[in-house]
Amino acid sequence: GVFRTAIGALDGAGVTLRPQQLETAGARLVVYRNDDLTPVELAGPRTGDRFATGRIEGDPLYVVAMIDGTPWFVASRKAWRWQ
Numbered sequence: 046g047v048f049r050t051a052i053g054a055l056d057g058a059g060v061t062l063r064p065q066q067l068e069t070a071g072a073r074l075v076v077y078r079n080d081d082l083t084p085v086e087l088a089g090p091r092t093g094d095r096f097a098t099g100r101i102e103g104d105p106l107y108v109v110a111m112i113d114g115t116p117w118f119v120a121s122r123k124a125w126r127w128q
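Residue numbers for the sequence shown follow this note's numbering, beginning at 46 and rising by one.
Pasting the structure below:
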């Protein structure tokens, strides 16, 4: 497979895309959570490259932008645990 990245930012209020030479106007977001391979649509108003999704629950979680049917990795979060 091919790994594509459009690294952005994930915070407690939403997701911000930071595209580099990539048109994201039609992008939609999905999240993979808790090591489940089933994508879940992320809803929320969009202003520019910012999606106001609210806090996204899951550990770990991976946010992916679907652009023209192609998945682009955007951000991830995993809780740190002392092993």
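Think of the CB as a built atom: it goes at the ideal place given N, C-alpha and C, for glycine as much as any other residue.
As the structure is a prediction and not an experimental result, all values here were calculated from the model.
_With three or more beta-carbon pairs closer than 8 Å as the criterion, would you say the stretch 79–86 touches the stretch 117–128?_
no
**Asked** What separation, rounded to the nearest whole angstrom, lies between the Cα atoms of residue 76 and residue 98?
**Response** 11 Å
- Task: Under 8 Å Cβ to Cβ from residue 54, same chain only, skipping five residues before and after it: list those, please.
- Result: 60, 61, 63, 120
Presumed contact (8 Å Cβ cut-off) between residue 100 and residue 57, rounded CB distance: 5 Å
Check: What are the uninterrupted segments assigned as beta strand (DSSP E) that are 3 or more residues long and contained completely in the stretch 58–120, given in chain order?
Finding: 73–78, 85–87, 106–112
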